[in-house]
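Undergrad:
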Amino acid sequence: MLTTHAHIRDDIFAAGERMATRDGFGRALLELGEKNKNVVVLCADLAESTRVLAFKEKFPDRYIEIGVAEQNLAAVASGMANYGKIPFIASYAAFSPGRNNEQIRTTISLNNVPVKIMGMHAGISVGPDGATHQALEDIALMRVQPNMVVISPCDAEEAYKATLAAAKYEGPVYMRFGREKTPTMTTTESPFSWGKANLLWLGENPQVAVFATGPLLHNALLAAKQLEHEIAVSVTNIHTIKPLDTQAVVAAAKNAGAAVTVEEHQVAGGLGGAVAEVLAAEFPVPMEFVGVHDQFGQSGEMSELVLHYKMGPADIADAIRKVHGRK
Amino acid sequence: MLSEQKEKEIALVANKIRETIIEMLTAAGSGHTAGPLGMADIFATFYFHILHHDPHNPVWAERDRLFLSNGHIVPVRYAAMAHAGYFPVEECLTLRKFGSRLQGHPERLRLLGMETTSGPLGSGLSQAAGYAYAARMDGKTFRTYCLMSDGEQDAGNVWEAAMFAGNNKLANMTALIDRNNIQINGMTEDIMPLENLRAKYEAFNWHVLEVDGHNIRAVVDAVEEAKAIVEKPTLIIAHTIPGKGIKEIEFDYRWHGSPPGKGPTDKVPADKQAAVFLQELRTLKGTIVSEHE
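Taken in sequence, the protein lines are chains A and B. Under this note's numbering, the first residue of the first sequence is numbered -8, with each subsequent residue one higher. Under this note's numbering, the first residue of the second sequence is numbered 365, with each subsequent residue one higher.
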């Protein structure tokens, strides 16, 4: 059942609220504009869809238009952060950190300056735009860079909190957001601590530990609910992929003896890879990986693509059964 | 104003910097020779005349910022900084060694006064532009300089930055291209022709000046002129001779990435290169500047 300390909305298994994570970012950014005059926003010709338009209109002097030039986006922001500003750079994840990976590596991560890289339309949620625009490797690209923090909020509320936290953190941060409206699970009371995973669901004597990140966390909870009387599981929200809350991951794996990861990303190098690295070293258990398996995306509605790439509630339930059978 | 005596001093410092470059590259056993030698006069002019800076307080808030985009020529910067008093000249011999602050390509976090980390070409101008933009937002009056190579102009990121700086009229920034006409694979105009470089930057709304990069007075004058241009960033195309000061290295692109002892041997045998080059530099005594009198 849902843990009480996570303060999850009570309508998540019904038709609850749906909001895009990028909207949580946009709301937080506007608030940051009021609170901190050092916050500046740089955008690569995508102000509306990256949800920085409101900031641009309210704080035009702190909005810097870069045009369609993501390498410049990253390196100009590096210079501004080096000076003392807190730049948020907004584009699609497929381009930033997709196209400008080296500029991020050298001028932001190695330089260790506090640029906040906001990757929109991450995962397959950008749907009809197709494979070119569906970033499925951004977590992998960013989490191998020393100094870089990687955050993947599960809903708009968490995206709001994570954005505020990113501004306070004195180093580089990558955050990914989805385009589509997805279920809001967390509330204003839900805890959000940098690098601290949240246990949202805990069955009695859990047999499988599920670790999920991003909006697909909702499908993981649906799967847990569906299996309530078949296999008891725990579901942990991994909003911070780096630094990973290894203590929570190991504890949940020890408690259950098997693990499933869920992410809207390549399983190689993403959350699945991160969890597997920790468990292989600390407490090896059988694992199954829900996510994209070495394939590109394609056009379609998000709901269709989630099913095609086997990331729906039934797919997660199957992975849970499969890993349970391997114990 | 640059007095004649000061000009002479800078020329002598430039020769000391060249000697240090040869010594440090020889000790390191790897690194770039031609570029650093060619930029010795310009670095001496920056660290001993142009920059407002304090070697004993490298983080002084009002200092001018010098971004080095083509990080591979950093030995000339290390040598100039050492001679200016940032750290002991002897430390130059730790270049590229384990545990040294003097990394093969510069890192901001390793050495105070190194404004950024660079090496991968093409992104220094963007960083300098971002820095200058932020400084202007806060009404700061220091200047931001960015030194680039000519081969680096092949990179698309440079032109993204050039467009950004021109569009935003970053008049508090001056860029300088080391136009020495060589890159690793050969002459720039054979690899990927850059000309007309002046017209390209002018088309991007830059004020462009061209100088002899070994003429200290001309470099100073160009930098001063840039300060008077209020509506545009300024680019100084500094025509330099790669390997300047050592005739066996001058104009030879094969010396781009070779240190003394490992360079082309058709003129000087490998085991004699360091000694011959140092001897040549020690007998120059500032004659480089006299060529322009």
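Yeah, the Cβ is synthetic: ideal placement off N, Cα and C, and Gly gets one too.
Alpha carbon to alpha carbon, how far is Ile580/B from Glu371/B?
TA: The alpha-carbon atoms of Ile580/B and Glu371/B are separated by roughly 7 Å.
Undergrad: Counting Cβ pairs closer than 8 Å, one from the segment 140 to 155 of chain A and one from the segment 195 to 209 of chain A, do we hit at least three?
TA: Counting Cβ pairs under 8 Å, three or more are found: they touch.
Undergrad: Report yes if the CB atom of Asn228/A is closer than 9 Å to the CB atom of Val297/A, and no otherwise.
TA: In this structure, Val297/A does not lie closer than 9 Å to Asn228/A by Cβ.
Undergrad: Which chain B residues are close to Tyr160/A, counting only those with a beta carbon under 8 Å from its beta carbon?
TA: Ordered by position in chain B, no residue passes the 8 Å Cβ test against Tyr160/A, which lies about 17 Å from the chain.
Undergrad: What does Ser225/A touch in chain B if you count any residue whose Cβ is under 9 Å from its own?
TA: Neighbours of Ser225/A on chain B: none; closest Cβ ~40 Å, over 9 Å.
Undergrad: Roughly how many angstroms lie between the CA atoms of Gln369/B and Ala404/B, to the nearest whole one?
TA: Spanning the two alpha carbons is a distance of roughly 18 Å.
Undergrad: Between which two residues does the beta strand (DSSP E) containing Val226/A stretch?
TA: Val226/A -> beta strand (DSSP E) spans 224 to 228.
Undergrad: Between which two residues does the beta strand (DSSP E) containing Pro78/A stretch?
TA: From DSSP, the beta strand (DSSP E) with Pro78/A extends over 77 to 83.
Undergrad: To which residues of the same chain is Met278/A closer than 8 Å at the C-beta, ignoring the five residues directly before and after it?
TA: Only Ala249, Ala250, Val251, Thr252, Gly263, Val266, Ala267, Leu270, Val314 meet the Cβ criterion.
Undergrad: If we count the other Cβ atoms within 10 Å of its Cβ and call it buried at 16 or more, is Arg441/B buried or exposed?
TA: Buried, by the Cβ-count rule.
Undergrad: Assign His656/B to one of two classes, buried (16 or more other C-beta atoms within 10 Å of its C-beta) or exposed (fewer than that).
TA: Here the model assigns His656/B a pLDDT of 42, short of 50, so the residue's position is not dependable and the matter cannot be decided.
Undergrad: Quick one, which of Ala378/B, Gly625/B, Arg543/B has its alpha-carbon nearest His447/B's?
TA: The shortest C-alpha separation from His447/B is found at Ala378/B.
Undergrad: Within the 9 Å Cβ cut-off, does Tyr497/B reach chain A?
TA: Yes, Tyr497/B lies at the interface with chain A (some Cβ there is under 9 Å from its Cβ).
Undergrad: Closest to Pro470/B by C-alpha separation, out of Leu101/A, Pro197/A, Ala(-3)/A, would be which residue?
TA: For Pro470/B, the nearest C-alpha among the options comes from Leu101/A.
Undergrad: Determine whether the Cβ of Glu426/B lies closer than 9 Å to any Cβ atom of chain A.
TA: No, no contact with chain A.
Undergrad: For the beta strand (DSSP E) that Ser513/B lies in, which residues bound it at each end?
TA: Residues 508 to 513.
Undergrad: Can you give the Cα-Cα distance for Gly118/A and Leu212/A, rounded to whole angstroms?
TA: Taking the straight line joining both Cα atoms gives about 23 Å.
Undergrad: Touch check for the segment 8 to 18 of chain A and the segment 160 to 176 of chain A: three-plus C-beta pairs under 8 Å?
TA: Touching, per the Cβ criterion.
Undergrad: If you measure between the beta carbons of Ala638/B and Gly621/B, is that distance less than 9 Å?
TA: No, the pair does not count as a contact, with Cβ atoms beyond the cut-off.
Undergrad: Is the shortest distance between the beta-carbon of Ile57/A and the beta-carbons of chain B less than 9 Å?
TA: So yes, Ile57/A belongs to the interface.
Undergrad: Going along chain B, which residues have a C-beta under 8 Å from Val67/A?
TA: Simply Ser490, Gln491, Ala493, Gly494, Tyr497, Ala525, Phe528.
Undergrad: Would you give the residue range spanned by the beta strand (DSSP E) that His256/A belongs to?
TA: Residues 250 to 257.
Undergrad: Could you tell me whether the Cβ atoms of Ser69/A and Leu37/A are closer together than 9 Å?
TA: Their beta carbons are not under 9 Å apart, which means Ser69/A does not touch Leu37/A by this criterion.
Undergrad: Nearest-angstrom Cα distance between Thr320/B and Leu432/B?
TA: Lying outside 365 to 657, the shown extent of chain B, residue 320/B is not represented and no answer is given.
Undergrad: Heavy atom of the ligand HEM less than 8 Å from the Cβ of Pro105/A, yes or no?
TA: This structure lacks the ligand HEM, and indeed carries no ligand of any kind.
Undergrad: Could you give the uninterrupted runs of the beta strand (DSSP E) lying entirely in the segment 109 to 188 of chain A, keeping only those of 3 residues or more?
TA: Correct list: 140 to 142, 164 to 167.
Undergrad: Beta carbon of Ala113/A, beta carbon of Phe287/A: below 9 Å?
TA: The answer is no: Cβ separation not under 9 Å.
Undergrad: Put Gln491/B into one of helix, strand or coil per three-state DSSP.
TA: Here Gln491/B sits in helix by DSSP.
Undergrad: Per DSSP, which residues does His542/B bridge with? Please list them.
TA: Note that residue 542/B is Asp in the sequence shown here, rather than His. DSSP, once it has assigned bridges, lists Ser513/B, Ala602/B as partnering Asp542/B.
Undergrad: Would DSSP call Glu56/A helix, strand or coil?
TA: Of the three classes helix, strand and coil, the one that applies to Glu56/A here is strand, per DSSP.
Undergrad: For Asp576/B, which of helix, strand or coil comes out of DSSP?
TA: Three-state result, Asp576/B: strand.
Undergrad: For the alpha helix (DSSP H) containing Phe641/B, list its first residue and its last residue.
TA: Run containing Phe641/B: 637 to 646, per the alpha helix (DSSP H) assignment.
Undergrad: Return helix, strand or coil for Ile385/B, following the three-state DSSP convention.
TA: If DSSP states are grouped into helix, strand and coil, Ile385/B belongs with the helices.
Undergrad: Taking only three categories from DSSP, how would you classify Glu479/B?
TA: DSSP places Glu479/B in coil when its eight states are reduced to three.
Undergrad: Which residues in chain A sit within 7 Å of Glu559/B, going by Cβ to Cβ distance?
TA: Ordered by position in chain A, no residue passes the 7 Å Cβ test against Glu559/B, which lies about 24 Å from the chain.
Undergrad: So, are the CB atoms of His230/A and Ala153/A less than 9 Å apart?
TA: For His230/A and Ala153/A, yes; Cβs fall inside 9 Å.
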